[in-house]
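In the working numbering, the protein residues as written are 439 to 597.
Structure follows, in structure tokens:
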């Protein structure tokens with residue numbers, strides 16, 4: 439094999455390698471740009487979620503429960519499923535249920551979900567117990583009272 443063929447082969451190999459390396463760098467930079475964009479988008483979504491929560495709180499204070507709950511749901515969607523927002527939704531439904539006999543079932547559904555996720559949260563159990571008392575659900579009241587006893591006994595044993 440003569441030297442010119444070897445040199446041509448080496449140049450071809452280096453060109454192909456250079457092309458692949460260039461494509462790799464371009465794709466890597468695009469990926470980094472997308473990550474930066476995603477981080478910025480997450481920051482904007484988080485701040486929008488906070489604004490939606492603030493608006494929801496004001497609406498709830500004005501007894502505009504349906505509108506306030508809708509804003510909480512917007513905040514929940516923007517935050518990616520924050521359970522603190524779910525707690526606020528449950529509390530808003532509970533207040534609406536107690537004040538106007540509306541959305542009691544929705545309140546129970548959200549409380550059931552939260553308590554299944556946080557079975558040791560005494561505050562959630564007490565709030566659901568109050569809801570069961572209001573709607574006259576004696577079986578639900580008994581269940582919450584039993585759960586509350588277990589949580590309190592468990593917390594005493596932790597000391």
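For glycine and all other residues, C-beta sits at the position ideal for the given N, C-alpha and C.
Given the structure is predicted, the values throughout are model-derived calculations rather than measurements.
Could you pull out every residue in the same chain whose Cβ sits closer than 6 Å to the Cβ of residue i, ignoring the five residues on either side in sequence?
i	result
residue 558	589
residue 487	513, 516, 517
residue 534	503, 540, 541
residue 505	497
residue 560	589
residue 493	509
Among the options, which residue has its Cα nearest to the Cα of residue i?
i	options	result
residue 524	504, 535, 549, 538	549
residue 563	491, 578, 547, 582	582
residue 536	577, 587, 495, 567	567
residue 498	445, 532, 522, 580	532
residue 574	552, 546, 456	546
residue 519	530, 584, 555, 441	555
Given that a residue counts as buried once 16 or more other Cβ atoms are within 10 Å of its Cβ, and exposed if not, what is residue i?
i	result
residue 526	buried
residue 565	buried
residue 552	buried
Quick check on residue i: does DSSP put it in helix, strand or coil?
i	result
residue 520	coil
residue 572	helix
residue 559	coil
residue 584	helix
residue 526	helix
residue 504	helix
residue 544	helix
To which residues of the same chain is residue i closer than 7 Å at the C-beta, ignoring the five residues directly before and after it?
i	result
residue 570	578, 579, 582
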